[in-house]
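What follows is one structure encoded as C-alpha cells, with my remarks underneath.
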Amino acid sequence: MTEVGPIYQSIQQKLTKAFNPTSLEIINESHLHAHHQAMKDVTSKETHFCISIVSDHFEGKKLIQRHRLIYELLNEEMNMSVHALSIKAKTSKEVSESN
Amino acid sequence: MSLRSLTRLNANNEIKSPLVSSILCRYLSDSLKKSLESVQKNDVVLFMKGTPNRPECGFSRAVVQILTAQGLDFSKIKTYNVLADNELREGVKEYSQWPTVPQVYIKGEFIGGCDIVLNMHHNGELEDLLLKEGLVDPKNELEQEEK
Numbered sequence: 001m002t003e004v005g006p007i008y009q010s011i012q013q014k015l016t017k018a019f020n021p022t023s024l025e026i027i028n029e030s031h032l033h034a035h036h037q038a039m040k041d042v043t044s045k046e047t048h049f050c051i052s053i054v055s056d057h058f059e060g061k062k063l064i065q066r067h068r069l070i071y072e073l074l075n076e077e078m079n080m081s082v083h084a085l086s087i088k089a090k091t092s093k094e095v096s097e098s099n
Numbered sequence: 001m002s003l004r005s006l007t008r009l010n011a012n013n014e015i016k017s018p019l020v021s022s023i024l025c026r027y028l029s030d031s032l033k034k035s036l037e038s039v040q041k042n043d044v045v046l047f048m049k050g051t052p053n054r055p056e057c058g059f060s061r062a063v064v065q066i067l068t069a070q071g072l073d074f075s076k077i078k079t080y081n082v083l084a085d086n087e088l089r090e091g092v093k094e095y096s097q098w099p100t101v102p103q104v105y106i107k108g109e110f111i112g113g114c115d116i117v118l119n120m121h122h123n124g125e126l127e128d129l130l131l132k133e134g135l136v137d138p139k140n141e142l143e144q145e146e147k
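Protein chains in written order, with full-length UniProt numbering: chain G, 1 to 99; chain R, 1 to 147.
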C-alpha cells in the first residue's frame, strides 16, 4: 500500500512540473526498509520511494545524468526524511522499443 | 565540544546554523578527500551499508550480487561500510555529489548506485567496462556460462 504523505506529494509535484512526464508512478516503499540497521532511529514513514518516470526531457541523456537531474530536483526532500530513491527514468521512445 | 562530535551533529543535520555547517563541510571534505584517495588507487571501490558478507540494505546486497555475478573477486574490491563511519557516510555523498549509498567506483570513476549498476548489468555495459579495464577474465566468463 502506498502511503501518500507530504513528501510523496512534493515529489510528485516537482517531477510533474520539471519533466512534464507522459507517465509517472511513485510508490512509497518505506515499510520494506523500516527494519534495516540504518533506519533504527528513524520514525518517518517517508524514507524510501520507487519512482518510475517517462519523459522526453531525458532524451540524449545518460542514465547517470537522468538520476542526477532527479536528485538535484529533489535535494530538499533528500535532506529531509528521504534516504533512498529507486529510479526508473526512460523516454517514451525507450518504452515503446522495449514493448 | 570536540570537532569530531560537531561534525557528527552536522552530519545528522542537527546543526541549524548555515555558517557553522558550511565551515564544517569544508573541514569534512578536506580530511575526507585524503581517505577517499583509495577511490583513485583501487580498481573497484564499493561504499555500502554493511559488509559484502552481511549487507544491511537491499540495494547494497543487490550491488554485491551483481559484482559477484560479473566474476569480480571481492578480496580485490575495496569495500567500505558507511554504517560504521558516519563521517565517511556523509563525506562520500559530498565527494560524488550523489545523495545515496551504495556507490560503485571503477578505476577512479563514479559509476552509480544500485539502479544504474543493475541497468548496466542487464544491458551488458558493465561487462564491457570490466573487460575493457581488464578486471575480469573473458575466458573465465565463457567457462562459467557453459556450465
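Idealized CB from N, CA, C, for every residue including glycine.
Leaving out five residues before and five after residue i in sequence, what residues of the same chain have Cβ atoms less than 7 Å from its Cβ?
{"i": "cysteine 57(R)", "result": "Lys49, Gly50"}
{"i": "glycine 108(R)", "result": "Val39, Gln40"}
{"i": "glutamine 13(G)", "result": "none"}
{"i": "arginine 61(R)", "result": "Pro55"}
Leaving aside the five residues before and after residue i along the sequence, list all residues of the same chain whose C-beta is less than 6 Å from its C-beta, in chain order.
{"i": "tyrosine 105(R)", "result": "Val39, Val45"}
{"i": "phenylalanine 74(R)", "result": "Pro52"}
{"i": "glutamate 59(G)", "result": "Thr91"}
{"i": "threonine 22(G)", "result": "Val54, Ser92"}
{"i": "aspartate 41(G)", "result": "none"}
Find the nearest neighbour of residue i within the set the options, judged by alpha-carbon distance.
{"i": "glutamate 94(G)", "options": "Cys50(G), Leu63(G), Ala84(G), Asn75(G)", "result": "Leu63(G)"}
{"i": "leucine 126(R)", "options": "Val63(R), Val82(R), Leu83(R)", "result": "Val63(R)"}
{"i": "histidine 122(R)", "options": "Ala69(R), Pro55(R), Phe110(R), Lys78(R)", "result": "Ala69(R)"}
{"i": "tryptophan 98(R)", "options": "Ala38(G), Val54(G), Asn79(G)", "result": "Asn79(G)"}
{"i": "phenylalanine 47(R)", "options": "Gln103(R), Gly134(R), Lys76(R)", "result": "Gln103(R)"}
{"i": "serine 96(R)", "options": "Glu97(G), Glu72(G), Ser98(G)", "result": "Glu72(G)"}
{"i": "serine 81(G)", "options": "Cys114(R), Gly124(R), Thr100(R)", "result": "Thr100(R)"}
{"i": "aspartate 115(R)", "options": "Glu77(G), Ser98(G), Gln65(G), Asn99(G)", "result": "Gln65(G)"}
Can you tell me the Cβ-Cβ gap for residue i and residue j, rounded? I've got them flagged as a contact below 8 Å.
{"i": "isoleucine 87(G)", "j": "histidine 67(G)", "result": "5 Å"}
{"i": "asparagine 42(R)", "j": "lysine 78(R)", "result": "4 Å"}
{"i": "alanine 18(G)", "j": "isoleucine 53(G)", "result": "About 10 Å; that fails the 8 Å criterion."}
{"i": "histidine 33(G)", "j": "histidine 48(G)", "result": "5 Å"}
{"i": "phenylalanine 59(R)", "j": "alanine 84(G)", "result": "6 Å"}
{"i": "serine 55(G)", "j": "asparagine 28(G)", "result": "About 21 Å; that fails the 8 Å criterion."}
Compute the distance between the beta-carbons of residue i and residue j, then report whether it is under 8 Å.
{"i": "isoleucine 51(G)", "j": "isoleucine 26(G)", "result": "yes"}
{"i": "valine 117(R)", "j": "isoleucine 66(R)", "result": "yes"}
{"i": "glutamate 88(R)", "j": "leucine 32(R)", "result": "It should be pointed out that residue 88(R) corresponds to leucine in this sequence rather than to glutamate. Against a cut-off of 8 Å, the Cβ pair of leucine 32(R) and leucine 88(R) comes out as a contact."}
{"i": "isoleucine 11(G)", "j": "leucine 74(G)", "result": "yes"}
{"i": "leucine 36(R)", "j": "glycine 91(R)", "result": "yes"}
Enumerate in chain order the residues of its own chain whose CB-to-CB distance from residue i is below 8 Å, with the five nearest sequence positions on each side excluded.
{"i": "methionine 120(R)", "result": "Ile111, Gly112, Leu126, Leu129"}
{"i": "leucine 83(R)", "result": "Lys49, Gly50, Glu56, Arg89"}
{"i": "glutamate 133(R)", "result": "Asp43, Ile106, Lys107"}
{"i": "tyrosine 80(R)", "result": "Val45, Leu46, Phe47, Met48, Leu88, Val92"}
{"i": "threonine 16(G)", "result": "Leu24"}
{"i": "proline 138(R)", "result": "Leu131"}
{"i": "lysine 61(G)", "result": "Leu69"}
Taking only beta-carbon positions, decide if residue i is within less than 8 Å of chain B.
{"i": "lysine 132(R)", "result": "Going by chain labels, chain B is absent from the structure shown, which instead holds the protein chains G and R."}
Hey, is residue i close to the ligand SAM, as in C-beta under 7 Å from one of its heavy atoms?
{"i": "asparagine 75(G)", "result": "No copy of the ligand SAM occurs in the structure displayed, which carries no ligand at all."}
Subject >> Secondary structure, alpha helix (DSSP H): runs of 4+ residues fully inside the segment 74 to 122 of chain R >> reply: Segments of the alpha helix (DSSP H) lying fully in the segment 74 to 122 of chain R: 86 to 96.
Original post:
What are the uninterrupted segments assigned as beta strand (DSSP E) that are 3 or more residues long and contained completely in the segment 2 to 31 of chain G, given in chain order?
Top reply: Taking only runs of at least 3 residues, the beta strand (DSSP E) segments lying wholly in the segment 2 to 31 of chain G are 23 to 28.
**OP:** Mind listing, in chain order, the continuous alpha helix (DSSP H) runs of no fewer than 4 residues lying wholly within the segment 69 to 93 of chain G?
**Re:** Here the runs fully enclosed are 75 to 79.
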